Each structure stands twice: as structure tokens, then as C-alpha cells.
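K.L.:
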Amino acid sequence: MLLTSCTIEEIHQVFLPNQPRFRANQLWQALYHQEITSIDELHVWPQALRQSFSQSNLFSSKVVKTLHEGKQAKLVIELHDHTKVETVLLVDKNDRKTACLSSQVGCAMACSFCKTGTLGLTRNLEAGEIIEQLLFLRKNYGAIDNVVFMGMGEPTANLSAVLKSIALLGEKESLHMSPRRFTISTCGISSGIRRIADENPHIGLAFSLVTADDTKRPELMPSAKKNPLPALKEALLYYQQKGGRRITLEVALLPSYNNTRVDAQKIAMFAKGLDYIVNIIPWNPVEGLPYRRPTELEVAEFGQWLEEAGVSATRRYRRAANIAGACGQLGEG
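Per UniProt numbering, residue 1 is the first one in the sequence shown, and the count goes up by one each step.
#1: DSSP on Glu-129, reduced to helix/strand/coil?
#2: Do you know how far the Cα of Gln-133 is from the Cα of Ile-77?
#3: Taking just the CA atoms, how far does Ser-165 sit from Leu-237?
#4: Can you tell which of Asn-284, Asn-57, Arg-246 has its C-alpha closest to the C-alpha of Ile-277?
#5: What residue range is occupied by the uninterrupted alpha helix (DSSP H) comprising Asn-25?
#6: Between Asn-18, Arg-194, His-12, Ile-36, which has its C-alpha nearest Asn-25's C-alpha?
#7: Report the option in Asn-94, Leu-121, Lys-93 whose CA atom is closest to the CA atom of Ser-103.
#8: Which residue wins for smallest C-alpha separation from Asp-213, given the options Lys-242, Arg-261, Val-88, Arg-180?
#9: What residue does the alpha helix (DSSP H) around Ser-160 start on, and which one ends it?
#10: Skipping 5 residues on each side, what residues in its chain have a beta carbon closer than 6 angstroms to that of His-202?
#11: In three-state DSSP terms, what is Gln-12?
#12: Going by DSSP, what residue range makes up the beta strand (DSSP E) through Arg-315?
#13: With distances taken Cα to Cα, identify the nearest neighbour of Lys-139 among Pro-294, Thr-37, Leu-274.
#14: Please work out which residues of its chain come closer than 6 angstroms, Cβ to Cβ, to Gly-128, disregarding the five sequence neighbours upstream and downstream, and give them in chain order.
#15: When you compare the CB positions of Ile-323 and Leu-137, do they come within less than 8 angstroms of one another, or not?
#16: Can you give the beta carbon distance from Val-299 to Gln-329, rounded, assuming they're within the 8 angstroms contact cut?
#17: If the criterion is Cβ atoms closer than 8 angstroms, does the pair Ala-268 and Val-311 meet it?
#18: Can you give me the Cβ contacts of Thr-116 inside the same chain, cut-off strictly under 6 angstroms, excluding the 5 residues immediately before and after it?
#19: Can you tell me whether Asp-263 is buried or exposed, with buried defined as 16 or more other CB within 10 angstroms of its CB?
#20: Starting from Glu-250 and walking both ways along the beta strand (DSSP E), at which residues does that stretch end?
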């Protein structure tokens, strides 16, 4: 069991059963609030306890590569089994910092326009491995305002670990982060959306719609074969009925695939009845994939068609693309 996957009580019971509980509190404080990485540096513990403790490192993973593009950053993190994930810091014009976290090593969803989807799935991350990504960003770049699960992997395919990481980060003694500061992005797994609604509907939800054409969608996103749009619409409505927030419908814009006036009209029909905002994401280039980035004119034209169809839409501006840290690019290294 990873230290960062544990509650204070679990640390006490599993790692420090013969010690007073305040020792577990001291270790918890070190994990979340101190600039140390090993037990040897935990000087509030007596030397004998430090030497006898079963784990010498506080973290199971380590940063092996850091890339920067202005204020944006990407960390390549090596896990205990030598597999790697990537996490990204995104900073907006108001200097708000968003951590983009990975939930899996690779991804099984095989979306045709996504670099991570070409890698296949190696394994799920543990809750602690998710938390360590955020802690590395925090230690290097300061307090984080929001967290999005839009990194490597499909979060709803590893939902137990994702929800546990959110719960741990919400603990008063850790970072005390409200669920409203988290957003889970999914390619569209109906059961996962319903589980979020049941367990914590205050978590934000982003749905990678891409296209509202149920014949084209499975060609771009194989998971759509088992998750057709009518079932996904029902799951999204259920999320909002349970108290969920406004949903972001993400549309990775792929010229010649999903950028016609008819595509815009179908999005309008799908979105009817939802509290939503459409986020247009001009496709970010990935070597070897058969797509091209839309021109500014194509993006503006599609936005105009959405507006004419009565759709509220925004455009995602490109950040971290030059360090392969933008949407769809993770896994480039």
C-alpha cells in the first residue's frame, strides 16, 4: 500500500500500529505540506523510528523530465514499476493554475485522434499515484486552483482510485480541496457517469462528445459502440438530476470528419434539455495520425454554425502544445 493512498487512520493502523496517533499526523503533514521526500528528513520523528519505518521514501514515484512552454509545464513521472505517466500544469491569463492529471498508464479507449489512445492500456493508477502528480506540481509551482482529469487514461475506467484521490485531497488535514474544484473528463462511459452522479455529483463533468452523429462516433471512438448517444444522454441527465453542475461538451474539431453545418445542428439536438456549454477544441497535431489542425476560419465557421443552431459554445485556446502537453498529445514523452 502506498503512503499517499492512505488516510491518516490507515497510516496509523498499517504503518504505525504501535505508535501514538500523532505520529501518523506528523507523517501526513510531511506528505502534503513539507518539502521533504524521505523519512530521513522527518526530523520530528526520533531517529529510531525513522530507521525502523518500513518505507524510506514518502513518494512511490519521481519526476524524470520537466518541459516548459512559458508558464505551462509538463512533468514526465516514473512510477515504482518504471512505467511512466505525464501530468500538465496549465496557467491561464489570470494566473489561475490547473493541474491536468492522468488516471491510467496508457488508455484502452483507442480514440483515433488521441496519442494516448495509440499506446494501449498498461495499468490503472492507484489513488496515491494520482495524488503524487498533484503534489509534484504543487511543490514546484505553488498552490493549484483546479484539477482536471484530462491526462492519460479514461478516468471512469479507474473511477474507484479517482474518487478516492479526490476524497483524500478534500480532507481538512491534507489540501482541503472542495469537490467543485475537480472535473472528470470522460469519452463517454454511461455507467461511470451514473456512478459519479450517485457518489459525488458536485464533481464537475466534461463529456468528450466529438460528434453527435451516432454512425460516425464509433469510427472515431470505439467505446461508442457499447455506449450509444441515447444512453449517454440519459446518463448526463441523471447526473444533473442528482445535483450535478453544468456539463462541458467537448468537441475536438477534425476537419472533414465533424466540422460541417449538419454536425453543428446534431450537437444542438443532442444538447437539448441539458445545462451545458460546448467547448470547441481545435485538434492538436500528433505525428502519425491522419488528421490536420483546423484553420482559424474553420474554427470560427463551426462556432458560427453552433451559434445559429442555438448552442452556447467557447473555444479552447492552445496551451502546452509545443511540449506535447495539450489535449490528445500526452504520451509523446
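From the three backbone atoms N, C-alpha and C, an ideal C-beta is built for every residue, glycine too.
Small disclaimer: the values here were computed from a predicted structure and weren't measured.
P.N.:
So, from the data block:
#1: helix
#2: 8 angstroms
#3: 25 angstroms
#4: Arg-246
#5: 21 to 33
#6: His-12
#7: Leu-121
#8: Arg-261
#9: 159 to 169
#10: Pro-179, Arg-180
#11: A small correction: the amino acid at residue 12 is His; Gln does not occupy that position in the sequence shown. Reduced to three states, the DSSP call for His-12 is helix.
#12: 313 to 315
#13: Thr-37
#14: Leu-2, Thr-4, Ser-5
#15: no
#16: No, Val-299 and Gln-329 are not in contact; Cβ-Cβ is about 18 angstroms, not under 8 angstroms.
#17: yes
#18: Cys-107, Met-152, Leu-330, Gly-331
#19: buried
#20: 247 to 253
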